[in-house]
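To convert, count from 1 in the sequence shown and add 769; that's the working numbering. Glycine included, every Cβ here is placed at the ideal spot set by N, Cα and C. Report on the structure given below.
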Amino acid sequence: MRDWLFDNSAARRIGHPEAPADGVLEFHRRLPGYTPSPLVEVPGIAATLGVGRVWVKDESSRLGLPAFKILGASWAIYQALRERLGPDLDGWRTFGELVERLAPLRPLTLATATDGNHGRAVAHTAALLGLGAHIFVPAGTAHATRRTSCCSARRERPTPPRTARSSATLLNPGDAQRVTFRIAAGTIV
Numbered sequence: 770m771r772d773w774l775f776d777n778s779a780a781r782r783i784g785h786p787e788a789p790a791d792g793v794l795e796f797h798r799r800l801p802g803y804t805p806s807p808l809v810e811v812p813g814i815a816a817t818l819g820v821g822r823v824w825v826k827d828e829s830s831r832l833g834l835p836a837f838k839i840l841g842a843s844w845a846i847y848q849a850l851r852e853r854l855g856p857d858l859d860g861w862r863t864f865g866e867l868v869e870r871l872a873p874l875r876p877l878t879l880a881t882a883t884d885g886n887h888g889r890a891v892a893h894t895a896a897l898l899g900l901g902a903h904i905f906v907p908a909g910t911a912h913a914t915r916r917t918s919c920c921s922a923r924r925e926r927p928t929p930p931r932t933a934r935s936s937a938t939l940l941n942p943g944d945a946q947r948v949t950f951r952i953a954a955g956t957i958v
């Protein structure tokens, strides 16, 4: 067995001065289905590398989606909703309470441009919150990705109210982002 140690003496910790560290974990823990990501031991890789043990963080099922993107998308959406509602959104204890406090914003549609898991995460979060979602998908995106991005919120509506709608529009890659920004006024976030 080999001992491997990589030391990068030029490395330094970099943090963003506006990083929203406060409340992130508490927020995610209150989402339906939250569990910490499991660590999975992979002895075959350890043997190949000649090391004692290798563990991999398994993000293949994160809050009902096969990717970690739901964590960032749900937090960003929550922050945008807090900007709109201010202190009225603070102090919720259960996810059901959060959904109830969003009532003054309905009908509200979340919008994003994506070519992958981010769109699924936004659509899924919108469904959980009882909001609509419109996902702009570049036309060149693989069919399977388009289908799952477009249909995620329609398939998964675990939290009332169930009046939220979701849809997707195929555009050329440059227009997908431009259109998303243009419609972000009014009742579309």
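Relative to the C-alpha of residue i, which residue among the options is closest?
i       : options                               : result
Thr-883 : Gly-860, Ala-908, Leu-877 and Glu-852 : Ala-908
Ile-846 : Val-825, Thr-881, Val-823 and Glu-869 : Thr-881
Asn-886 : Ser-806, Asp-857, Gly-833 and Thr-863 : Gly-833
Leu-840 : Glu-795, Asn-777, Val-906 and Ala-779 : Glu-795
Leu-874 : Asp-791, Leu-818 and Arg-851          : Arg-851
Arg-799 : Arg-853, Leu-877, Trp-861 and Pro-876 : Trp-861
Ala-849 : Leu-877, Val-825 and Val-906          : Leu-877
Return yes when the Cβ of residue j is within less than 8 Å of the Cβ of residue i, no when it is not.
i       : j       : result
Gly-855 : Leu-879 : no
Ile-904 : Ala-892 : yes
Leu-871 : Gly-899 : yes
Phe-864 : Pro-805 : no
Alpha carbon to alpha carbon, how far is residue i from residue j?
i       : j       : result
Val-823 : Pro-807 : 13 Å
Ala-895 : Val-811 : 35 Å
Ala-913 : Ala-779 : At Ala-913, the pLDDT of 43 sits below 50, so the modelled position is not reliable and the matter cannot be decided from this model.
Ala-933 : Phe-837 : Any reading at Ala-933 must be qualified, since the residue scores a pLDDT of 45, below 50, and its modelled position is unreliable; the value itself is stated next. Answer to the nearest angstrom: the Cα atoms are 24 Å apart.
Asp-827 : Ala-842 : 19 Å
Gly-888 : Arg-831 : 15 Å
Gly-792 : Val-809 : 27 Å
Trp-844 : His-797 : 8 Å
Pro-835 : Ser-829 : 4 Å
Glu-866 : Leu-897 : 12 Å
Ala-816 : Asn-777 : 25 Å
Gly-819 : Gly-813 : 10 Å
Arg-853 : Glu-869 : 15 Å
Tyr-803 : Gly-821 : 31 Å
Val-906 : Val-825 : 31 Å
Is there at least one Cβ from chain C nearer than 8 Å to residue i's Cβ?
i       : result
Gly-901 : The structure shown has no chain C; it contains just one protein chain.
Taking the alpha helix (DSSP H) that residue i falls in, what are its first and last residues?
i       : result
Arg-799 : Where Arg-799 is concerned, there is no enclosing alpha helix (DSSP H), given that its DSSP letter is neither H nor E.
Beta strand (DSSP E) containing residue i: first to last residue?
i       : result
Gly-901 : 901-907
Runs of 3 residues minimum, wholly inside the stretch 806-894: which ones carry the beta strand (DSSP E) assignment?
808-810, 824-826 and 878-882
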